[in-house]
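Numbering (the UniProt record's numbering), first residue to last: 1 to 383.
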Amino acid sequence: MADRTRIIEGTWNCTSCDTRDILARHRSCPNCNNPREETGKESEFDFGEVDAATGKSRREGVTDEKALSAANAGADWFCDYCSASNRGDTPICRNCRAERSSTSRALSEGHEEPIEPSAPPPSRAVAAPGSGRKWLYVGLGVLALFGTCMVWGSRSHGVTGQVTRTEWTRTIFRETFQRVSREGWRSDLSVRSPRMPVNGTGEVAGVENIRSCFPRQRGTRQVADGTERVCTTKTRREQCGTTEKCTRQKMANGYMKETCRDEPKYCSKSYQDCDTRTRYRSEPVFDVSCTYDTYVWNQVDSKVESDHDCAPRWPQLTPGSLDRLRREEKYAVRIGYDDDGAKEHLHEPKNEAEFLAWKKGQSVPLQVNNFGSTTIMAGDAVR
Ligand SMILES: [Zn+2]
Ligand SMILES: [Zn+2]
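Encoded structure:
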C-alpha cells in the first residue's frame, strides 16, 4: 500500500502587534512587518487539529509552488544580528543582509509526533482481556482468606484430659453355605460341582441344573445409520476493508510533512463450520438367560455383647458343620477435658491390643486447635 504524503502549513502569532494565525509562508508579519524570530514563541507553529482516529490533519495540504519550495528548504536559521528567521537554503539574512555564521542557531522542533498505535493483528482471542484478570483476583482473594482461616484454625494449645470410660462392642455372625437358585447368561455359565466347606473354608459355589433358558435383552449397541450434517456457528477475525493511519513530522520551518497509509482493518465475523458425521442408532442385543443352582453364604444368626471399663470378650456361638463365623469389634475411649467448659474427646482404638493400653482414670495430654478439634499427643505420657 502506497504512502500518501501532504505538506501542512503551520501558523504563528506576531508578538509585536498581536496579529494571530499568520501563515508560515509569511516570514514577516503582514500587519506590522516585524520579522518572525525565535523569541516570544513566534517560531512555535500551530498545525491545527488532528483527527484522533486516523492521525490526519484537518487542514488542507499545501499545493502552492512557493510554499512547497519553502517547506523543502530545510530548517530555518536565525540571524545573529537581527534575530530574523531565514530559509535554511539561503546564506544571507533577508532582513539585514548579514551572512549566516557557524554560531547562527537553527530552528529545532520535536521531530516525530507520537505515532498512532496501529491496528491490532488478527487474533483468535474471544474473551475480553479484563474478565480473565478479574477472576484471577477473585480467586487469589478466596485463596488468601482460606489460607488465613487455616492458619488461625491450626493454632492450638495443650490441655490435660482424663480417661472417663473405655467401651467395647463385639458381634459374631453365623453364616451357612446354602443352596439357592440364580439367573445368569448361558454364555457365562459352565457346569461345576459344588464343594462343601470344612471348618468354614475350602468351599466351591458350583453351577448345577441349568434350566428354563429364554432370550432376553442384555444390552444395546450403536449401529451406523447413514450420515448427518452438523453445523456450528463460530467466529473468526477477518480483514474488513482498511483504515487510514497518518504520522506527522515537523520540518523546522513552519511546515509539517504528513504521511498516510491504509492499514488492514479486522472485524469479528461469524461463519458456519459444518461436518458430515456418521449417525448412529441404538439396537437391542439379545442373549439367552437361564436359571441354575449354586451355593452362597447366608447369614443365619448373630450375637452382640458390649461392656465398659473391662477387658473385651467374644459372644458365644457354636458353628454347625456347614457354618462359618464372622467377627466384628468396635472400641471407644472417652477422654474428658476442661477447655472453657467440660468437653470430651472420643478415641477409637483399631484393635484389642490398642484398646487394652487405655485405663479409666489415666491422664492424657491433648492438643486443642481453634476449630475445636483435638488430637492426642503421642509419647510416654499416653501410657
Ligand atoms: Zn505584527
Ligand atoms: Zn539579520
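Beta carbons: idealized from backbone N, C-alpha and C, even for Gly.
With 6 Å as the limit, the residues whose C-beta approaches any heavy atom of ligand 2 more closely are CYS79, TYR81, CYS82, ALA84, CYS93, ASN95, CYS96, ALA98, in sequence along the chain.
DSSP, read as helix, strand or coil, puts LYS359 in coil. A residue is called buried once 16 or more other Cβ atoms fall within 10 Å of its Cβ, and PHE177 is buried on that count. In this structure, ASN72 has its beta carbon at no less than 7 Å from each heavy atom of ligand 1. The bridge partners DSSP lists for TRP77 are ASN86, ALA106. In this structure, SER43 has its beta carbon at no less than 7 Å from each heavy atom of ligand 1. Between GLU42 and THR15, the CB-CB gap stays under 8 Å.
In the DSSP annotation of this structure, the continuous segment of the alpha helix (DSSP H) that includes ALA71 starts and ends at 65–71. Judged by their CB atoms, GLU167 and HIS308 are nearer to each other than the 8 Å cut-off. Straight across, the Cα-Cα distance linking GLY10 with LYS250 is about 10 Å. Residue side-chain check: THR11 keeps its Cβ at 7 Å or more from all non-hydrogen atoms of ligand 1.
Membership of SER156 in the beta strand (DSSP E) is indicated by the continuous run 156–185. If you compare the alpha carbons of ASP18, VAL163, VAL300, ASN95 with that of ILE335, the shortest gap goes to VAL163.
Each of CYS14, SER16, CYS17, THR19, CYS29, ASN31, CYS32, ASN34 has a C-beta closer than 6 Å to some heavy atom of ligand 1; these make up the full list, in chain order. Sequence-distant partners of ASN13 (beyond 5 residues in either direction) whose C-beta falls short of 6 Å from its own C-beta, in its chain, are ARG20.
In terms of CA proximity to CYS231, GLN272 leads the group MET377, GLU203, GLN272.
Where GLY241 is concerned, the enclosing beta strand (DSSP E) starts and stops at 208–250. Residue pairing from DSSP places HIS345 in a beta bridge opposite ILE335. If you compare the alpha carbons of SER85, ALA252, ASP89, PHE286 with that of ARG218, the shortest gap goes to PHE286. In this structure the stretch 262–271 touches the stretch 231–243; the number of beta carbon pairs closer than 8 Å is three or more. According to the DSSP assignment, GLU258 belongs to the beta strand (DSSP E) that extends over 255–308.
PHE173 sits away from GLN316, with the two beta carbons spaced by 8 Å or more.
The count of Cβ pairs closer than 8 Å, one atom from the stretch 275–292 and one from the stretch 209–229, reaches three, so the stretches are in contact.
The way I'd put it, the stretch 61–69 doesn't touch the stretch 90–104; fewer than three beta-carbon pairs between them come closer than 8 Å. In terms of Cα proximity to GLU175, the closest of TYR331, ARG261, THR201, ASP339 is THR201.
When DSSP reads this structure, ARG324 sits in a beta bridge with GLU175. Looking at the backbone, the Cα of SER101 and that of THR247 are separated by about 34 Å. Comparing alpha carbon positions, the residue from ASP64, ARG324, ASP338, PRO284 closest to ILE8 is ASP64.
Between LEU107 and ALA73 the beta-carbon gap is near 12 Å, outside 8 Å, which marks them as no contact.
Within the same chain, and ignoring the five residues on either side of GLU244 in sequence, the residues whose Cβ sits closer than 7 Å to its Cβ are THR54, LYS56, CYS260, ASP262.
Distance from the CA of LEU366 to the CA of HIS157, rounded to the nearest whole angstrom, comes to 8 Å. In its chain, beyond the 5 residues on either side, ILE7, ILE8, GLU9, GLY10, ALA24, VAL62, ALA67, ALA70, ALA71 have a beta carbon closer than 8 Å to the beta carbon of TYR255. Sequence-distant Cβ neighbours of TRP314 in its own chain, meaning closer than 8 Å and more than five residues away, are ARG170, ILE172, GLU305, ARG327. Around the beta carbon of PRO284, fewer than 16 other beta carbons lie within 10 angstroms, which makes this residue exposed. In chain order, LEU356 place their CB closer than 7 Å to the CB of ALA311, counting only its own chain and leaving out the 5 sequence neighbours on each side.
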